[in-house]
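All you need for the numbering used here is the position in the sequence shown, starting with 1, plus 123. From the three backbone atoms N, C-alpha and C, an ideal C-beta is built for every residue, glycine too.
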Amino acid sequence: MQEKKAHFIGIAGMGMSAAAILLKEQGWQVSGSDADAYPPATNQLERHGIPYKTSYDPGNIPKDADIIVIGKNAKLTQENNAEVRAAYESGIRIASFPELLSEIVKERETIVVAGSYGKSTTSSLIAWCLSRSGVDAGWFVGAAPIGMEPANLGTHPIFVLEGDEYPTSHDDLRPKFAHYNAHDCVITAVTHDHVNIYKTQREFSEPFRALAAGLPDSGTLLLCADEPNAASLGKETRARVTLYGMTSSSEWYANNISRGDVVKFDLMRGAEKIARLSTSIFGDHNIQNIVGASAMLLEKELVTPEQLASAIKDFKGLARRLEQKTKSSSLPAFEGFGSSREKLRSAINALKGRYPDKRLVVIFEPHTFSWRNKKMLHWFDDAFDGAGLVILYKPVEQGADTHEQSSQTEMTEQLSRAGVSVRPATNVEEAMSMCKKEIHESDVVLLSSSGPMDGLIEQIPKWLDNTFA
124 MQEKKAHFIG
134 IAGMGMSAAA
144 ILLKEQGWQV
154 SGSDADAYPP
164 ATNQLERHGI
174 PYKTSYDPGN
184 IPKDADIIVI
194 GKNAKLTQEN
204 NAEVRAAYES
214 GIRIASFPEL
224 LSEIVKERET
234 IVVAGSYGKS
244 TTSSLIAWCL
254 SRSGVDAGWF
264 VGAAPIGMEP
274 ANLGTHPIFV
284 LEGDEYPTSH
294 DDLRPKFAHY
304 NAHDCVITAV
314 THDHVNIYKT
324 QREFSEPFRA
334 LAAGLPDSGT
344 LLLCADEPNA
354 ASLGKETRAR
364 VTLYGMTSSS
374 EWYANNISRG
384 DVVKFDLMRG
394 AEKIARLSTS
404 IFGDHNIQNI
414 VGASAMLLEK
424 ELVTPEQLAS
434 AIKDFKGLAR
444 RLEQKTKSSS
454 LPAFEGFGSS
464 REKLRSAINA
474 LKGRYPDKRL
484 VVIFEPHTFS
494 WRNKKMLHWF
504 DDAFDGAGLV
514 ILYKPVEQGA
524 DTHEQSSQTE
534 MTEQLSRAGV
544 SVRPATNVEE
554 AMSMCKKEIH
564 ESDVVLLSSS
574 GPMDGLIEQI
584 PKWLDNTFA
């Protein structure tokens, strides 16, 4: 029987590359294209032998393709992309990756992890613990877990999915998680984001209300009690509701926390100590993520407390989520995914907690629509609290014509008014020059963006390794 063929336009998106891996596991012949291809997605594609082109061209599409999957990206429209235009003119079936996932998981019992932040780590933790405990579950994560593939077809009925609230495609404005037929759900936070799509907190909350309302009465809904918008969703569902968080006001919570190179805490359920957990990933937001993942696994009796503790101890986190980028430098540098104010705050708080006596230097690129939108300029008022110095890299221009974009000068002035020491950098050479002038051995560095920052995320740690070895 001849292999089916799938072609992915925009294949180096994290979700797109993970979906491509699942199709490859199902026996499809997969190809793709992406003009913005960079690690870790490219590493994943190459590891699975999935070929991709780094420019868009109608000739990239196999003439005998059975399906063409198109990503949700400002560059992937018929108006400005000849390959996308050719796809629509080809008569071949067009789909989004959430549509593909809905077909893959239609007979599975799905655990969907959704929320403004924490969903990649929490879904990865659930998948990791299942895998390490001998459960061959399926999973899909729109990130790059360290030591684990982002996607696995699996044979067990359970399928874990990171559920994104962002629109499915240019033709389908429903949130991605609307396709996943959630049986159980973790909602980590419902803090307003994606202001180019959801204009108000109320608009942003609506998809999460629908997600909660759609769960069956046999399902479990875990809500983070530490975030009020998430905690309020319990009234929207028929499923059994359980709260988790950092305090004993939740049913599941962390107690007796010991912070250091290894973080240790008691996982509590009410007054009962379930397990003593140890982890090398740091920051209170990660303790919160571990509690949420643990609660789901134990509520559904998918692992034992002993299996959970063993798996958590070995979990190394995700690429780009407080991932240490330096190897030999006495001055450590970490990458923290900076797609929103809350994610940046979590990274800053975590590093200040781990290195309280060091000055924190943040090299930041405003990459997402939200960071670049004039309506969100107020994010700069307190997002960098705790940073001793901010090197503000030029904001990207992609999609700038779809919203009123703040200039680098406006961002710099906003930071200065907030009392932040800030240096704007307009190119790689300028940024490297500032680093060499401003960074000292007693500092700790945070590199934060949701894009490649023109290679600085790799270049700066290499310079630190050579300079402070």
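C-alpha gap between residue i and residue j, whole angstroms
i	j	result
Ala-164	Met-137	6 Å
Met-557	Ser-453	19 Å
Lys-322	Lys-195	19 Å
Ile-191	Gly-150	16 Å
Leu-224	Gly-476	39 Å
Asn-204	Ala-237	31 Å
Arg-216	Thr-532	45 Å
Asp-566	Ser-247	31 Å
Val-426	Ser-256	7 Å
His-99	Ile-184	Here the chain covers residues 124 to 592 and nothing more, so residue 99 does not appear.
Gly-406	Tyr-478	11 Å
Pro-351	Gly-265	25 Å
Asn-304	Leu-346	18 Å
Val-485	Lys-436	29 Å
Arg-310	Ile-410	Note on residue identity: the sequence assigns Ile, not Arg, to residue 310. Cα-Cα distance, rounded: 15 Å.
Arg-208	Leu-296	20 Å
Phe-438	Ser-243	13 Å
Ile-173	Leu-483	39 Å
Ser-213	Lys-186	9 Å
Met-576	Thr-549	11 Å
Arg-474	Glu-169	Rather than Arg, the amino acid found at residue 474 in this sequence is Leu. Roughly 32 Å separates the two Cα atoms.
Thr-291	Ile-320	12 Å
Arg-468	Phe-503	11 Å
Leu-253	Trp-262	10 Å
Ala-260	Thr-278	6 Å
Thr-491	Ala-394	42 Å
Which residues DSSP lists as bridging residue i, in chain order
i	result
Tyr-516	Ala-548
Ala-377	Leu-390
Asp-307	Ile-234
Asn-275	Trp-262
Gly-459	Arg-444, Ser-571
His-130	Ser-154, Ile-191
Leu-223	Bridge partners of Leu-223: none, in fact.
Pro-268	Leu-441
Pro-290	Pro-298
Val-543	In DSSP, Val-543 forms no bridge with anything.
Cys-347	Tyr-367
Gln-528	Asn-496
Phe-487	Leu-515, Ser-571
Sub-8 Å separation of residue i and residue j beta-carbons
i	j	result
Ile-134	Ala-143	yes
Val-551	Val-513	no
Lys-593	Tyr-240	Residue 593 lies beyond the stretch modelled for the chain, which goes from 124 to 592, so this question has no answer here.
Ile-562	Ala-510	no
Val-313	Ala-353	yes
Arg-495	Gln-447	no
Phe-460	Ser-328	no
Thr-365	Glu-374	yes
Ala-456	Leu-334	no
Pro-298	Asp-316	no
Ile-249	Met-419	yes
Ala-267	Leu-390	no
Thr-200	His-302	no
Lys-229	Asp-189	no
Asn-378	Thr-245	no
Leu-538	Ala-554	no
Asp-72	Lys-450	Beyond the ends of the chain as shown, which are 124 and 592, falls residue 72; an answer cannot be given.
First and last residue of the uninterrupted beta strand (DSSP E) at residue i
i	result
Gly-476	Unbroken run through Gly-476 is the alpha helix (DSSP H), 464 to 477; no beta strand (DSSP E).
Asp-566	566 to 572
Tyr-321	Premise fails: Tyr-321 is in no beta strand (DSSP E) and is neither H nor E.
Lys-396	395 to 402
Ala-218	216 to 218
Arg-363	363 to 368
Arg-208	Arg-208 -> not in any beta strand (DSSP E); alpha helix (DSSP H) instead, spanning 205 to 212.
Start and end residues, alpha helix (DSSP H) containing residue i
i	result
Asp-437	428 to 437
Ala-142	137 to 148
Asp-588	579 to 590
Ser-417	407 to 422
Thr-165	164 to 170
Trp-494	492 to 495
Val-283	Premise fails: Val-283 lies in the beta strand (DSSP E), 281 to 286, not in any alpha helix (DSSP H).
Trp-251	242 to 255
Thr-535	531 to 540
Pro-351	351 to 354
Is there contact here, the stretch 338 to 345 with the stretch 267 to 285, by at least three beta-carbon pairs under 8 Å?
With a cut-off of 8 Å, the stretch 267 to 285 and the stretch 338 to 345 do not count as touching, because too few Cβ pairs lie within range.
Count the C-beta pairs between the stretch 430 to 439 and the stretch 400 to 415 that are closer than 8 Å, then say yes if the count reaches three, no if not.
Taking 8 Å as the limit for Cβ pairs, the verdict is that the stretch 400 to 415 does touch the stretch 430 to 439.
Could you tell me whether the stretch 175 to 186 touches the stretch 154 to 163, where touching means 3 or more Cβ pairs closer than 8 Å?
Yes, the stretch 175 to 186 is in contact with the stretch 154 to 163.
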